[in-house]
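*Asks:* Its first residue numbered 191, the sequence shown is counted upward by one per residue in my numbering. Don't be surprised by glycine CBs; every beta carbon is placed ideally from N, CA and C.
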Amino acid sequence: MNHKQTGSSFLQLEDGTIFHGTTPFEGTTCLGEVVFNTSHTGYQEILTDPSYYRQIVVFTAPHIGNVGINKEDYESEKVQVAGVVVRALVNKPRNWRAESDLGSWLKNAGVPVITGVDTRAVTLHIREYGAMRAGIFSGKTTESEALKQVKESPEMAGSDLATIVSCSTKYAFSTSELVERWHPTFENGDGLHVAVLDFGVKSSILRELVRRGCKVTVLPATTEANDIIASEFDGVLVSNGPGDPAAVKRGIETVKSLLVSKMPMFGICLGHQLIALAAGLKTFKLPFGHRGANHPVQHLKDKTVEISSQNHGFAVQSECISKDWCVTHLNLNDGTVEGLEHTSQSVFTIQYHPEANPGPHDGQFYFDRFISEMRHA
Numbered sequence: 191m192n193h194k195q196t197g198s199s200f201l202q203l204e205d206g207t208i209f210h211g212t213t214p215f216e217g218t219t220c221l222g223e224v225v226f227n228t229s230h231t232g233y234q235e236i237l238t239d240p241s242y243y244r245q246i247v248v249f250t251a252p253h254i255g256n257v258g259i260n261k262e263d264y265e266s267e268k269v270q271v272a273g274v275v276v277r278a279l280v281n282k283p284r285n286w287r288a289e290s291d292l293g294s295w296l297k298n299a300g301v302p303v304i305t306g307v308d309t310r311a312v313t314l315h316i317r318e319y320g321a322m323r324a325g326i327f328s329g330k331t332t333e334s335e336a337l338k339q340v341k342e343s344p345e346m347a348g349s350d351l352a353t354i355v356s357c358s359t360k361y362a363f364s365t366s367e368l369v370e371r372w373h374p375t376f377e378n379g380d381g382l383h384v385a386v387l388d389f390g391v392k393s394s395i396l397r398e399l400v401r402r403g404c405k406v407t408v409l410p411a412t413t414e415a416n417d418i419i420a421s422e423f424d425g426v427l428v429s430n431g432p433g434d435p436a437a438v439k440r441g442i443e444t445v446k447s448l449l450v451s452k453m454p455m456f457g458i459c460l461g462h463q464l465i466a467l468a469a470g471l472k473t474f475k476l477p478f479g480h481r482g483a484n485h486p487v488q489h490l491k492d493k494t495v496e497i498s499s500q501n502h503g504f505a506v507q508s509e510c511i512s513k514d515w516c517v518t519h520l521n522l523n524d525g526t527v528e529g530l531e532h533t534s535q536s537v538f539t540i541q542y543h544p545e546a547n548p549g550p551h552d553g554q555f556y557f558d559r560f561i562s563e564m565r566h567a
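#1: Thinking C-beta only, is G470 closer than 8 Å to S512?
#2: So A324 is in the alpha helix (DSSP H); what residue range does that whole segment cover?
#3: Going by Cα to Cα distance, which pick from K405, C220, E531, V527 is closest to V274?
#4: Shortest alpha-carbon distance to E545 belongs to which of V527, V506, E496, D524?
#5: So within the segment 270-334, which uninterrupted alpha helix (DSSP H) runs reach at least 4 residues, ignoring any that extend past its ends?
#6: Have a look at Y243, N260, E267 and flag the residue whose alpha-carbon is nearest the alpha-carbon of S349.
#7: Take the Cβ of L203 as the centre, count every other Cβ of all protein chains shown within 10 Å, and call the residue buried at 16 or more, exposed below.
#8: For the structure I just gave you, are there three or more beta carbon pairs, one from the segment 314-334 and one from the segment 380-398, closer than 8 Å?
#9: What residue does the alpha helix (DSSP H) around Q463 start on, and which one ends it?
#10: In whole angstroms, what separates the C-alpha of L337 from that of G206?
#11: Using DSSP's beta-bridge definition, name the partner residues of S498.
#12: Out of E563, P550, S290, L314, which has the shortest C-alpha to C-alpha gap to F456?
#13: Around the Cβ of L279, are there at least 16 other Cβ atoms within 10 angstroms (buried) or fewer (exposed)?
#14: Report back the beta-carbon spacing between F200 and D308 to the nearest angstrom; my notes put them in contact at under 8 Å.
#15: Touching or not, the segment 514-534 and the segment 432-444, by the rule of three or more beta carbon pairs under 8 Å?
#16: Work out the CA separation of E223 and V527 for me, nearest whole Å.
#17: At what residues does the alpha helix (DSSP H) containing Q541 begin and finish?
#18: So for E216, helix, strand or coil by DSSP?
#19: Answer yes or no: do M453 and G431 have a C-beta to C-beta separation smaller than 8 Å?
#20: Taking the alpha-carbon positions, what's the S290 to E443 distance?
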């Protein structure tokens, strides 16, 4: 299938499907897993989220770039996505916080963007055939050569990307005055010291801890459990991140040892999956993943519904839940597991992103719960 349209770039999918468009700048190509995000706002947070590492993001909203780019809304130090696919790229942002337009920002980062694409058609194709390997190429590349490169690129399943995006050395995290203007503090953490195992952590997660009065130390994904236990942290947050959770072998072993130590733990997104794997549960790859800011999740205990921001391509198998764990949340769209809780330890997990950014704040109280678990451990 060839959805042709006049232009100098094209999106080549692994199954041979091609979508043509244009590019605001020449000379850049990319390879990655093509996925779609249904959020209408928050494109900067999405593009700098390490969970999107080595992915080509298709935005379903027709206009992307309306509010430009600013330094305060980064979720990491750089653009993390492999490439960007949009219907229309806004070159003249209209927002008083804008410091750059989206196209120039992506060009400076060396990240290819293709515009003029029927993103609805791309999304429908991914929904029907699943997320798959893909690439953005200039018109100078032949379609046969593009398909060859795509098929030779690594698959997401089996890829340990979390270790790649993790920090190389530990560091203490603190917020800047600029950030605190938009995220006022309310100190209820009483100086509790939290270790954050960084598998691709978003800045927003760290801010939620700091603004609650916690002392935060971010640790590389390769940190040994003995070092964490010996440092006498009050609790461990196992962060979000990219790739296949089952491939993060060293991280799983670390979390397994932390479970034995009975330290309070909170897992978010990939962290939820790593804790599940460390507990002997299993994960699987979703057909096209959950990526958007309006996914309904039900809390099974009180039957309330939380509208959530999500970004994951893998999930925990519900069939393998053991007697030591209970499922606390389910996705109301497809019934997949969205939360776990240990029956006798201060360990719980959330599959979605309670920190939002972008998205609703329905789940931010889970950070308060984590503080409570640490305080009473």
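*Replies:* Straight from the coordinates:
#1: Contact: yes.
#2: Where A324 is concerned, there is no enclosing alpha helix (DSSP H), although the beta strand (DSSP E) it sits in stretches over 322-328.
#3: By alpha-carbon distance to V274, the top candidate from K405, C220, E531, V527 is C220.
#4: Residue E496 is the option with its Cα nearest to E545.
#5: Within the segment 270-334, the alpha helix (DSSP H) runs of at least 4 residues that lie entirely inside it are, in chain order, 292-299, 309-319.
#6: Among Y243, N260, E267, the Cα nearest to that of S349 belongs to Y243.
#7: With a threshold of 16 other beta carbon atoms within 10 Å, L203 meets it and is buried.
#8: With the cut-off at 8 Å, the segment 314-334 and the segment 380-398 do not touch.
#9: The continuous alpha helix (DSSP H) containing Q463 extends over residues 460-468.
#10: A straight-line Cα-Cα distance of about 7 Å links L337 and G206.
#11: DSSP, once it has assigned bridges, lists H485 as partnering S498.
#12: With distances taken between Cα atoms, F456 lies closest to E563.
#13: Classification for L279: buried.
#14: The Cβ separation is near 13 Å, so there is no contact.
#15: With a cut-off of 8 Å on Cβ pairs, the segment 514-534 is not in contact with the segment 432-444, counting fewer than three such pairs.
#16: About 23 Å.
#17: Element bounds for Q541: n/a, residue is neither H nor E.
#18: In the structure shown, E216 sits in coil (DSSP, three-state: anything other than H, G, I, E or B).
#19: No; because the gap between Cβ atoms is not below 8 Å, this pair is not in contact.
#20: Rounded to whole angstroms, S290 and E443 show a C-alpha spacing of 43 Å.
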